[in-house]
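In what follows, a single structure is set out as structure tokens and then discussed.
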Amino acid sequence: MLARLRANLGREPGVDPTIWAMTIDDVSNEAKSDTPTREERSVHLAMTLFAAHQQSRPNGVHLPSVGLGQAIARLDRAVTGGDGDGTSSVRRRFDAAVTSATLPEIAHHLRGLVGQLRSADVGLDYGLLAQDLWDFQQPGRTDDVRRRWARQYYRLDRQAAADDSSTTESTTESTTESTAEEHL
């Protein structure tokens, strides 16, 4: 089934009947025409990206509660060794995705990002991604998605910096304490 989903990456929802049960069933209850709904497009894109990400991976790549911004922050830290200054190839591709104006444009950038996530063995929550892609298509909600991803990206970065800082402080404190004890 994953191979069928991968084969449909970049195609319109509903074209391949072998994946209808996963991308159309229980999704299109409100379809009013023959064109794919926003919901169908979102689920189809998220599912096909998941299949590309999961390919040949022994462990699951779907990580509950890990949004796209957080996954990209993890990827950026892995690629740059934590010294990312916002100019890495990961960050440039993420910025291109975030500033996309259409679903086909964001889909193009997400395919590249998922390839990078796959290479670095970084997962994300594909249910959240489907919801974000649906929100992205809603009039007036695109900027909400952009802010959500930015907050996820920077929240992880601040959290990692705080973790690094507390590790440094505790190491310094224990070294100072042991040095003081040695002199007594």
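Position one of the sequence shown corresponds to residue 0 (numbering that gives the first Met the number 0), numbered consecutively onward. All residues carry an ideal CB built from backbone N, CA and C; glycine is no exception. None of these values were measured; they are calculated from a predicted model.
- One Cα belongs to G66, the other to K31, and the distance between them is close to 31 Å.
- Exclusion of the five residues before and after L109 leaves L48 and A96 as the residues of its chain whose Cβ lies within less than 7 Å of its Cβ.
- About 6 Å separates the beta carbons of R5 and Q54, which is inside the 8 Å limit, making them a contact pair.
- Taking 9 Å as the cut-off, the Cβ atoms of A106 and L62 do not count as close.
- With fewer than 16 other CB atoms across the displayed protein chains lying within 10 angstroms of its CB, V14 is exposed.
- Distance between E38 and L8, taken at the CA atoms: about 16 Å.
- The shortest CA-to-CA distance from L132 to any of D120, V121 and R145 is the one to R145.
- T101 and G81 have their alpha carbons spaced roughly 31 Å apart.
- Residue burial is scored here from C-beta neighbours: G139 has fewer than 16 other C-beta atoms within 10 angstroms and is therefore classed as exposed.
- Taken in chain order, the complete alpha helix (DSSP H) segments of 4 or more residues contained in the stretch 31–101 are 37–53, 67–79 and 88–97.
- Of the candidates R3, R76 and Q115, the residue whose Cα lies closest to the Cα of R154 is R76.
- A direct Cα-to-Cα measurement between D120 and F135 gives close to 26 Å.
- Contact check for V89 against V78 passes: the beta carbons are separated by less than 9 Å.
- Excluding five sequence positions before and after H52, the CB atoms of its chain that fall closer than 7 Å to its own CB belong to V60, V113, L116 and R117, given in chain order.
- In terms of Cα proximity to T98, the closest of D124, L127 and R147 is R147.
- Rounded to whole angstroms, the separation of the alpha carbons of G122 and Y152 is 14 Å.
- Annotated three-state conformation of L1 is helix, per DSSP.
- Leaving aside the five residues that flank P12 on each side, the residues in its chain whose CB is nearer than 7 Å to its CB run, in chain order, T22, I23, P35, E39, R40 and H43.
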